[in-house]
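Enquirer:
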Amino acid sequence: MDGGSPLERLLRRDRVITIAGVVALCLLAWLYIVAGAGLGMNAWEMTRLALFPHQQTADLTSDMSGMDMSGMDMPGMDMSAMAMAAEPRAWGPAIWALMIAMWWVMMVAMMSPSAAPTILIYARVHRHALAQGQIQDKLAPTGVFMAGYLLVWLGFAVVATALHWLLEREAFVSATMMSSQSRWLSGIVLIAAGLYQLSPLKNACLSQCRAPTAFLARHWRPHAVGALRLGALHGAFCVGCCWMLMALLFVGGIMNLVWVAGLAILVLAEKLFPAGQWVGRAAGIALIAWGSATLLV
């Protein structure tokens with residue numbers, strides 16, 4: 001067997017490269033987060049389980065700021081770094097760059113799994129158009145499509161970093177644990193996220209993400225420029241769908257692996273499960289109840 005024509009072999013290789021690229025990108029992003037995102041922090045030590053995380057964060061920050069840890073020896077922990085983190089952080093250019101990179105890579109890790117079907121369908125649509133003689137590009141510009149998608153999330157990362165800086169400066173978010181230490185912030189964000197889950201705008205954006213074939217049929221553009229625009233448009237719908245869920249990282253902890261993984265799974269379920277829209281609505285009701293309880297404790 002010769003494995004098909006040269007064109008068929010080329011297209012088959014294109015499909016394998018696309019899948020391998022998405023998987024590798026996602027794995028590298030997760031490794032970067034687990035390694036501390038270049039911030040000198042241990043993501044495992046910042047991962048906690050608590051019904052009301054702001055209480056734990058506030059207590060820990062208060063305890064650390066009142067302790068002299070310079071002479072303490074605790075295996076696996078850089079106590080001088082943790083003591084410095086208990087104080088307000090000086091946000092110079094290097095910190096801004098690291099924070100933007102952290103937020104961006106985190107979005108890549110959380111969003112790539114749910115975006116993978118759209119990327120693969122895009123490559124398939126391109127192959128179909130090639131077979132029909134509608135285009136001449138031999139390889140689908142899936143990398144360009146992904147670049148457009150990720151550039152939108154880079155914009156989100158810049159906005160999230162600016163908000164992070166503001167909340168940390170006003171002491172709503174702990175510099176130590178990078179999570180809310182304010183009952184009001186936690187409660188309001190939880191309730192707002194829950195309400196957004198039930199909103200028409202959320203439903204409209206989620207509908208676009210849940211129907212990648214219809215999305216591509218409606219907005220398809222050929223060639224690399226078209227791929228970039230299409231990827232950016234898909235990214236915009238994904239941001240519209242998930243931005244309030246990402247804001248929940250301020251509540252549970254931006255480097256809290258349980259929250260990062262949990263939100264990634266929720267996003268995946270919303271977009272890919274047959275009853276995904278109902279999963280999102282149930283999550284919205286739960287978030288409203290959780291936020292209301294948070295305001296009362």
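The sequence shown: position 30 = 30 (my numbering), numbered continuously. Ideal Cβ positions, reconstructed from N, Cα and C, are used throughout, including at glycine. All values derive from a computational prediction rather than experimental measurement.
Could you tell me whether the stretch 269–279 touches the stretch 165–181, where touching means 3 or more Cβ pairs closer than 8 Å?
Expert: Using a Cβ-Cβ distance cut-off of 8 Å, the stretch 269–279 and the stretch 165–181 are not in contact, since fewer than three pairs of beta carbons, one from each stretch, lie closer than that value.
Enquirer: Using a 10 Å radius around the Cβ and a threshold of 16 neighbouring Cβ atoms, would you call V108 buried or exposed?
Expert: Per the 10 Å Cβ criterion, buried.
Enquirer: Where DSSP assigns a beta bridge to V173, which residues make up the other side?
Expert: S180
Enquirer: Beta carbon of A293: closer than 8 Å to some heavy atom of the ligand ATP?
Expert: The ligand ATP is absent from the structure shown, which contains no ligand whatsoever.
Enquirer: Whose CA, out of L249, L28, V16 and M178, lies closest to the CA of T57?
Expert: Comparing Cα positions, the closest option is M178.
Enquirer: Note the first and the last residue of the continuous alpha helix (DSSP H) segment covering M244.
Expert: Secondary structure note for M244: its alpha helix (DSSP H) is the uninterrupted segment H223 to A247.
Enquirer: Rounded to whole angstroms, what's the CA-CA distance from P212 to A227? Just pull it up for me.
Expert: Using only the alpha carbons, I get a separation of about 14 Å.
Enquirer: Hey, is the stretch 241–251 in contact with the stretch 28–37, meaning 3+ C-beta pairs nearer than 8 Å?
Expert: Remark: fewer than three beta-carbon pairs, one from each stretch, lie closer than 8 Å, so the stretch 241–251 and the stretch 28–37 are not flagged as touching.
Enquirer: Within 10 angstroms of its Cβ, does A264 collect 16 or more other Cβ (buried), or is it exposed?
Expert: buried
Enquirer: So what's G280 in DSSP terms, helix, strand or just coil?
Expert: helix
Enquirer: Okay, do the stretch 198–218 and the stretch 229–246 touch, 3+ Cβ pairs below 8 Å being the bar?
Expert: yes
Enquirer: Which residues in the same chain as G148 place their Cβ atom closer than 6 Å to its Cβ, once the five residues preceding and following it in sequence are excluded?
Expert: L228, G231 and A232
Enquirer: Taking Cβ to Cβ, would you say P141 is nearer than 9 Å to A224?
Expert: yes
Enquirer: Tell me, to the nearest whole angstrom, how far the beta carbon of T294 is from that of L190; I am working on the premise that it is less than 8 Å.
Expert: The pair is a contact, with the Cβ atoms about 6 Å apart (cut-off 8 Å).
Enquirer: CB-CB under 6 Å to F215, same chain, minus the five flanking residues each way: which ones, in chain order?
Expert: Q208
Enquirer: Quick one, are the C-beta atoms of G284 and L198 less than 9 Å apart?
Expert: At a Cβ-Cβ threshold of 9 Å, G284 and L198 count as neighbours.
Enquirer: Is DSSP giving W30 helix, strand or coil here?
Expert: helix
Enquirer: Please confirm whether A157 and W96 have their CB atoms less than 9 Å apart.
Expert: Not in contact: A157 and W96 (Cβ atoms no closer than 9 Å).
Enquirer: Where G291 and G187 are concerned, what is the direct C-alpha to C-alpha distance, given to the nearest angstrom?
Expert: Approximately 4 Å between the Cα atoms of the pair.
Enquirer: Does DSSP put L39 in a helix, a strand or coil?
Expert: coil
Enquirer: Which of the three DSSP states is assigned to E45 in this structure?
Expert: coil
Enquirer: Between the alpha carbons of G143 and G155, how many angstroms are there, rounded?
Expert: 18 Å
Enquirer: By how many angstroms is the C-alpha of T47 removed from the C-alpha of G252?
Expert: 9 Å
Enquirer: Could you work out which residue in A192, A261, R169 and V279 is closest to W44 when comparing CA atoms only?
Expert: Minimum Cα distance to W44 is reached at A261.
Enquirer: Quick check on DSSP: helix, strand or coil for P75?
Expert: With a pLDDT of 46 at P75, under the threshold of 50, the modelled position of this residue cannot be trusted; read the value that follows with caution. It is coil, neither helix nor strand.
Enquirer: Could you check whether R124 and R15 sit closer than 9 Å to each other, using their CB atoms as the reference points?
Expert: Against a cut-off of 9 Å, the Cβ pair of R124 and R15 comes out as a contact.
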